[in-house]
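This report concerns only the one structure given below.
This is the structure in C-alpha cells:
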C-alpha cells in the first residue's frame with residue numbers, strides 16, 4: 013500500500029485546498045460560479061450611465077468585468093459569503109497599465125448591486141474614482 017496515503021499531513025493539505033475553494037480537478041469554485049450579470053456602471057453620486065454597459069461574469073472561482081477588458085484588467089479570485097437569501101462578494105482586479113479595482117457587491121435573486129473603486133498610483137498624483145454597478149442575471 014502507498015505510504016503517503018497514511019500520512020495525516022496529506023489529508024490536512026487536501027482538506028485545506030478543498031475548503032479554500034479548489035475542486036479535485038484543480039479548478040476554483042465559488043457560490044456565484046456560472047452566473048453572468050448585465051447592466052450599467054455609473055460614477056458615484058451620478059445616475060447609471062447608458063453608455064457604460066457592463067457584464068460581470070463568475071466562472072471557476074474567478075470574477076471578471078467585461079467592460080474592463082480594454083484596459084487590461086484580468087479576472088481575479090473572488091470571495092463570497094451567503095447571508096440569508098443574499099450572496100456578498102469581493103474581488104480585486106489588476107491591470108499592468110491601469111492600476112487596480114476593488115469590487116464589493118451583493119447578489120439577491122436575479123439582481124446584483126456593486127460598488128467599485130479604481131485606483132492608480134502615478135508619479136505626481138494618484139487616481140481614485142468610485143463607481144457603482146447594477147444589473148440582472150443573464151439567462
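Numbering (the numbering used here), first residue to last: 13 to 151. The beta carbon of each residue, even a glycine, is placed where N, CA and C say it ideally should be.
Please find out if some non-hydrogen atom of the ligand PLP comes closer than 6 Å to the beta-carbon of residue 112. The ligand content of the structure shown is nil, which means the ligand PLP is not present either.
Are the CB atoms of residue 147 and residue 49 nearer to each other than 7 Å? The answer is yes: Cβ separation under 7 Å.
Residue 107 (DSSP reduced to helix, strand or coil): It is a strand residue.
Alpha carbon to alpha carbon, how far is residue 103 from residue 141? Taking C-alpha positions only, residue 103 is separated from residue 141 by approximately 16 Å.
Cβ atoms of residue 41 and residue 86: under 7 Å apart, would you say? With respect to the 7 Å criterion, residue 86 and residue 41 are not classified as neighbours on the basis of their beta carbons.
Let me know the secondary structure DSSP gives residue 41 once reduced to three states. Reduced to three states, the DSSP call for residue 41 is coil.
For residue 84, list the residues DSSP reports as bridge partners. In the DSSP assignment, residue 84 forms no beta bridge with any residue.
Any beta carbon of chain D sitting closer than 7 Å to that of residue 117? The chain inventory of the structure shown lacks chain D, comprising one protein chain alone.
With 16 other CB atoms within 10 Å as the buried threshold, where does residue 53 fall? Taking every protein chain shown into account, the CB of residue 53 has 16 or more other CB atoms within 10 angstroms, so this residue is buried.
Strictly by DSSP, which residues pair up with residue 91? Residue 91 pairs with 102.
Below 8 Å on the Cβ atoms is my guess for residue 107 versus residue 143; work out the distance and round it to an integer in Å. Between the beta-carbon of residue 107 and that of residue 143 there is about 15 Å, and that puts the pair past the 8 Å contact cut.
Going by C-alpha distance, which of 131, 45, 130, 150 is nearest residue 75? Taking residue 75 as reference, the option from 131, 45, 130, 150 with the minimal CA-CA separation is 45.
Could you check the C-alpha separation between residue 126 and residue 89 for me, to the nearest Å? Separation of residue 126 and residue 89 (C-alpha to C-alpha, rounded to the nearest whole angstrom) is 16 Å.
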